[in-house]
Structures are given as C-alpha cells and as structure tokens.
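Okay, here's the thing in structure tokens:
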C-alpha cells in the first residue's frame, strides 16, 4: 500500500465524520478501534450500508477476536461456554428484541439472566440447571470479553452502544418472522 499516513488519516476521518451514525459509534473507544481496523483492511473504506457495518463490528467482537482463544479447545478463557458466534448472535438478538419490546436500554442482571435462561432452555435445549449456570457465565463473558454489553451500574447492564441494540433487535425481528 503506497498511501501516506495523511491519506490513511483523511480516509478514516471522512468515513467517520461523513455519517452521523458512524460518528456516534466511534464515541466508544473499542468500536473506534474496530472501525480503524475495518477501514484499513478494506483499503480505506468502511461498508456503505449501516447493516453491513454493524455485522462486521459484531463479527469482530464474536468471531475474529475470540477464534484464536477458542482454537485451543479449552474454554477456560471463554468462561467454559461452548457456544459459537452464531448462537451468541441468536441469544443477543432475542435479548435485544425483548429489551426493545419492553422499552429498555438498561436492564437489571436478574432480568437478563432470566431471559437468557429461558432462551437456552426453550430454543437451545439446555436443562434448567445448566441454563441457569450458563446464563450467569454468558453475561460475564459478554460484558468482560466481547464488549457487546457492559455494566452501567451495580447489576445494571446495557448494550455497549444503542445502535448495536437496535441492530440485534432487527435480527430478532427477522428470527421471529422465520420461526
């Protein structure tokens, strides 16, 4: 690549500041890092459609950064959770849609755990005890490792960015339509 540092910086600034939604996403330092990496990997351009950009961001959070950790076949680093990125997407879509339907951007840990436990039992075939144990570890994993949700106060969680909640809710609507 024969682009200068100024060219790279200029293309990144244009990609972020030309779109209000992207600019809002970039206010989160972790997402900003992903935007920079995406911009570079795509030769100085972010995906044009927002849905494609959100899909890429989620892919980085759930697939790219975790794949090397999971490749060892030990789940110590992933809180002993044996779910793949697709299953996490389903779970987050269901959670986000439930939050949207109840007009929530913040939810207490117990509410999220109940929702996840129900999903794990009803949609993924987990037993009651296994689902209860897994839901607590999934919340911890999503908040501490993926950055997709974060603790905003003692026992109160939210998606790390409102647009990610909206993106996952839209996937949840599509999942409901397919069911």
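Residue numbers (our numbering): 1 to 179.
For each residue, glycine too, the CB sits at the ideal point set by N, CA and C.
This one's a predicted model, so the numbers in the text were calculated from it and none came from an experiment.
Residues bridged to residue i [DSSP beta-bridge criterion]
i, result
"residue 149", "159"
"residue 108", "156"
Closest by C-alpha distance to residue i, when choosing among the options
i, options, result
"residue 60", "107, 170, 152 and 146", "146"
"residue 132", "95, 157 and 112", "112"
"residue 148", "51, 31 and 114", "31"
"residue 170", "80, 34, 95 and 137", "95"
"residue 126", "19, 177 and 87", "87"
"residue 39", "114, 16, 55 and 50", "16"
"residue 155", "18, 3 and 140", "140"
"residue 7", "43, 33 and 22", "43"
"residue 14", "34, 29, 63 and 45", "45"
"residue 49", "10, 22, 144 and 143", "22"
"residue 158", "142, 107 and 128", "107"
"residue 167", "98, 81, 2 and 83", "98"
"residue 18", "47, 134 and 144", "47"
Status (buried if at least 16 other CB within 10 Å, exposed otherwise) for residue i
i, result
"residue 172", "buried"
"residue 20", "exposed"
"residue 93", "buried"
"residue 27", "exposed"
"residue 110", "exposed"
"residue 37", "exposed"
"residue 89", "buried"
"residue 58", "buried"
"residue 4", "exposed"
"residue 116", "buried"
"residue 41", "exposed"
"residue 177", "exposed"
"residue 165", "buried"
"residue 128", "exposed"
"residue 53", "buried"
"residue 12", "buried"
Minimum Cβ-Cβ distance from residue i to chain C less than 8 Å
i, result
"residue 158", "No chain C is present in this structure, which holds just one protein chain."
Checklist line | Three-pair Cβ contact test at 8 Å for the stretch 100 to 107 versus the stretch 119 to 137 | finding: The stretch 100 to 107 is not in contact with the stretch 119 to 137.
Next item on the list: Please go through the stretch 19 to 58 and give each complete alpha helix (DSSP H) segment of 4 or more residues, from N-terminal end onward.
Entry: 20 to 25 and 29 to 41
Checklist line | Secondary structure, alpha helix (DSSP H): runs of 4+ residues fully inside the stretch 117 to 150 | finding: For the alpha helix (DSSP H) assignment, the uninterrupted runs of no fewer than 4 residues enclosed by the stretch 117 to 150 are, from N- to C-terminal side, 128 to 141.
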